[in-house]
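Final position of the sequence shown in the UniProt record's numbering is 324; the numbers increase by one with none missing.
For every residue, glycine included, the Cβ atom is placed at its ideal position computed from N, Cα and C.
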Amino acid sequence: MVVSRRSFVLSGLVLAVSGALGGTLPEPSGGRRPFVLWGSSSAASALHRDRPRGFPAVRIEDLLSQLLEAPGASRAVSGDRSWQTLAMRSGAHPYLPRLGSGYGVGRLPAHGELVVPTVDGRVPSVLVPVPGTVSGVPCTIRAVARDGDTVVLRREVPGAEVDVAPASAARWRTALEERHRGHVHLLWTGKNNIEDPDQVLADTRAAWQVEPGTSVVMGQWHTVADRRGTAGWEQVRGVNAVHRQEYGERFYDTMADLRDPGLWSLPGLRPHRIGASAADRRWLGLGLPPRSVVAGDRRHLNALGNTIVAHGLHRHLTGPAGLY
Numbered sequence: 001m002v003v004s005r006r007s008f009v010l011s012g013l014v015l016a017v018s019g020a021l022g023g024t025l026p027e028p029s030g031g032r033r034p035f036v037l038w039g040s041s042s043a044a045s046a047l048h049r050d051r052p053r054g055f056p057a058v059r060i061e062d063l064l065s066q067l068l069e070a071p072g073a074s075r076a077v078s079g080d081r082s083w084q085t086l087a088m089r090s091g092a093h094p095y096l097p098r099l100g101s102g103y104g105v106g107r108l109p110a111h112g113e114l115v116v117p118t119v120d121g122r123v124p125s126v127l128v129p130v131p132g133t134v135s136g137v138p139c140t141i142r143a144v145a146r147d148g149d150t151v152v153l154r155r156e157v158p159g160a161e162v163d164v165a166p167a168s169a170a171r172w173r174t175a176l177e178e179r180h181r182g183h184v185h186l187l188w189t190g191k192n193n194i195e196d197p198d199q200v201l202a203d204t205r206a207a208w209q210v211e212p213g214t215s216v217v218m219g220q221w222h223t224v225a226d227r228r229g230t231a232g233w234e235q236v237r238g239v240n241a242v243h244r245q246e247y248g249e250r251f252y253d254t255m256a257d258l259r260d261p262g263l264w265s266l267p268g269l270r271p272h273r274i275g276a277s278a279a280d281r282r283w284l285g286l287g288l289p290p291r292s293v294v295a296g297d298r299r300h301l302n303a304l305g306n307t308i309v310a311h312g313l314h315r316h317l318t319g320p321a322g323l324y
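Okay, structure coming up:
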């Protein structure tokens, strides 16, 4: 397919969309549907500043926003597991703060913070306070410690004390489901608990079901720890295979695009000769992405990898997924 040569500018680097991409860049459109990335560190572009000399830092949502000419955001949190992503995405999967015991009365303070354990030990990230509500009262939630069972609830707007009765009925529910309603949802979650494929699959289904008409499930990619012959290799392949079967054209094959020579040949990427080095060839032979698109920690994508994923998503969303 022939592609337009319209270019866009990202941090001073001009990247033109070449014929290798397939499809055409959309014409400017008022009110294009926003998109949101949900997941963990890969979706958060955690190592976007890891890049070759002369190449800009690239966040997936920023570049994809320019390609789609649509607003984009990331709600991804480094280190999150699939059930934490689900709790951010869906109000039907709340956290359970222990505001009191049994049928007693719990109480939210008039202002400030309340530190309490959770009933089942599940907590969100320690890194980011997530907006939501408890008994209709706007409160953010954040874990106190990475591996603890205690959370901080913070009243967003001061007001009267609120009784919660019974205390056992207390639920913190995300505000992000409604905040992003009607958006395109890119679900890229489960890498941090891939050793529990059933949990990853169940959480992804539940997140998908919030808005199936505008959701896309992104496949996991193999790090060097997930190379052929490891348990991780089979876990990633197994989860991706189920996703592909369940979501069809709403499944985005991240791994395939990272290994796609057509995407390596984008004008902005061509000078970096992705796939040509001995290290790249060795990694490709192990069933992995080229070494040059992976950050120094060998676990995350660098700016080159993020660029490939953004272009691949653009191709998918404007093509098979039919969302733009």
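Pair within 8 angstroms by beta-carbon distance, residue 127 and residue 297:
Walking along the sequence shown from the start, residue 127 turns up at place 127. Walking along the sequence shown from the start, residue 297 turns up at place 297. Result no, Cβ atoms of residue 127 and residue 297 do not sit closer than 8 angstroms.
Could you tell me the distance, in whole angstroms, from the CA atom of residue 242 to the CA atom of residue 218?
To locate residue 242, count along the sequence shown from 1; it is residue 242. To locate residue 218, count along the sequence shown from 1; it is residue 218. When rounded, the distance between both Cα atoms is 12 angstroms.
So, for residue 72: in the same chain, excluding its five sequence neighbours on each side, which residues have a beta-carbon less than 6 angstroms away from its beta-carbon?
For the purposes of this step, residue 72 is taken as the residue at position 72 of the sequence shown. These residues qualify, in order along the chain: 35, 61, 64, 65.
Backbone secondary structure at residue 75 - three-state DSSP:
For the purposes of this step, residue 75 is taken as the residue at position 75 of the sequence shown. Of the three classes helix, strand and coil, the one that applies to residue 75 here is coil, per DSSP.
Just list the residues that DSSP pairs residue 172 with in beta bridges.
Numbered from its first residue, the sequence shown carries residue 172 at position 172. Note: residue 172 sits in a beta bridge opposite 95, 134.
Bridge partners - residue 140, DSSP secondary structure assignment:
In the sequence shown, the residue the question calls residue 140 occupies position 140. Paired residues: 131, 154.
With a floor of 3 residues, list each beta strand (DSSP E) that falls wholly inside the segment 173-234, ordered by position along the chain.
184-188, 215-218
Helix, strand or coil for residue 271, going by three-state DSSP, please let me know.
Numbered from its first residue, the sequence shown carries residue 271 at position 271. Per DSSP, reduced to three states, the secondary structure at residue 271 is helical.
Which class does residue 324 belong to by DSSP, given the choice of helix, strand or coil?
Here the question's residue 324 lines up with position 324 in the sequence shown. It is coil, neither helix nor strand.
Whole angstroms are fine: how far does the CA of residue 59 sit from the CA of residue 302?
The residue you call residue 302 lines up with position 302 of the sequence shown. The residue you call residue 59 lines up with position 59 of the sequence shown. Spanning the two alpha carbons is a distance of roughly 9 angstroms.
Whether residue 210 touches residue 33 by CB criterion (8 angstroms):
Within the sequence shown, numbered from 1, the residue matching residue 210 stands at position 210. Within the sequence shown, numbered from 1, the residue matching residue 33 stands at position 33. For residue 210 and residue 33, no; Cβs fall outside 8 angstroms.
Short Cβ contact (8 angstroms threshold) for residue 193 with residue 79:
By 1-based counting over the sequence shown, the position of residue 193 is 193. By 1-based counting over the sequence shown, the position of residue 79 is 79. In this structure, residue 79 does not lie closer than 8 angstroms to residue 193 by Cβ.
How many Å lie between residue 214 and residue 70 at the Cα?
Numbered from 1 along the sequence shown, position 214 holds the residue referred to as residue 214. Numbered from 1 along the sequence shown, position 70 holds the residue referred to as residue 70. Cα to Cα, the separation comes out at about 14 angstroms.
Using 8 angstroms for Cβ pairs, my map puts residue 169 next to residue 105. What's the rounded Cβ distance?
By one-based count along the sequence shown, residue 169 stands at place 169. By one-based count along the sequence shown, residue 105 stands at place 105. Not a contact, Cβ separation roughly 10 angstroms.
Determine, using beta-carbon pairs with one atom in the segment 148-157 and one in the segment 40-55, whether at least three such pairs fall under 8 angstroms.
no
Which whole-angstrom value is the C-beta distance of residue 76 and residue 38, which I expect to be below 8 angstroms?
Along the sequence shown, one-based indexing puts residue 76 at 76. Along the sequence shown, one-based indexing puts residue 38 at 38. Sure, about 6 angstroms apart at Cβ, within 8 angstroms.
As a quick exercise: from 251, 258, 135, pick the residue whose alpha carbon is nearest that of residue 305.
Position 305 of the sequence shown, counting from 1, holds the residue named residue 305. Comparing Cα positions, the closest option is 258.
With which residues is residue 118 paired in a DSSP beta bridge?
As a first step, residue 118 is located in the sequence shown; it is residue number 118 there, counting from the start. Note: residue 118 sits in a beta bridge opposite 97.
Among 182, 221, 123, whose alpha-carbon lies nearest the alpha-carbon of residue 171?
Here the question's residue 171 lines up with position 171 in the sequence shown. Minimum Cα distance to residue 171 is reached at 123.
Taking the beta carbon of residue 270 as the centre, do at least 16 other beta carbons fall within 10 Å, making it buried, or is it exposed?
The residue labelled residue 270 in the question sits at position 270 within the sequence shown. Its Cβ having fewer than 16 others within 10 Å, residue 270 is exposed.
Am I right that residue 173 and residue 91 are in contact with their C-beta atoms under 8 angstroms? What's the rounded C-beta distance?
Here residue 173 corresponds to residue number 173 of the sequence shown, with the count starting at 1. Here residue 91 corresponds to residue number 91 of the sequence shown, with the count starting at 1. 4 angstroms between Cβ atoms; contact.
Could you check what DSSP says for residue 262 in three-state terms: helix, strand or coil?
By one-based count along the sequence shown, residue 262 stands at place 262. Three-state DSSP puts residue 262 in a helix.
Suppose you measure from the CA of residue 85 to the CA of residue 295; what does that come to, to the nearest Å?
Numbered from its first residue, the sequence shown carries residue 85 at position 85. Numbered from its first residue, the sequence shown carries residue 295 at position 295. Roughly 23 angstroms between the two C-alpha positions.
If you reduce the DSSP assignment to three classes, tell me which class residue 249 lands in.
Taking the sequence shown and counting its residues from 1, one reaches residue 249 at position 249. Residue state, collapsed to three classes: helix.
Through-space distance from residue 281 to residue 121, alpha-carbon basis
Working through the sequence shown from its first residue, we reach residue 121 at position 121. Working through the sequence shown from its first residue, we reach residue 281 at position 281. CA-to-CA, the gap between residue 121 and residue 281 works out to about 44 angstroms.
Under DSSP, the alpha helix (DSSP H) around residue 298 begins and ends at which residues?
Within the sequence shown, the letter at position 298 stands for residue 298. For residue 298, no alpha helix (DSSP H) segment is defined, and its DSSP state is neither H nor E.
Going along the chain, which residues of its own chain have a beta-carbon closer than 6 angstroms to the beta-carbon of residue 313, five neighbours each way excluded?
For the purposes of this step, residue 313 is identified with residue 313 of the sequence shown, where counting begins at 1. If we look at residue 313 and ignore the five residues flanking it on each side, its Cβ neighbours are 64.
Backbone CA spacing between residue 140 and residue 286 [nearest angstrom]
On the sequence shown, position 140 is the one that residue 140 refers to. On the sequence shown, position 286 is the one that residue 286 refers to. Spanning the alpha carbons of residue 140 and residue 286 requires a straight line of approximately 44 angstroms.
Pull up the distance between the alpha-carbon of residue 273 and that of residue 300, whole angstroms please.
In the sequence shown, the residue the question calls residue 273 occupies position 273. In the sequence shown, the residue the question calls residue 300 occupies position 300. Each residue's Cα considered, the two are about 20 angstroms apart.
Grab me the residues of residue 309's own chain with a C-beta within less than 6 angstroms of its C-beta, minus the 5 sequence neighbours each way, in chain order.
On the sequence shown, residue 309 is found 309 positions in, with the first residue counted as 1. Here the set comprises 60.
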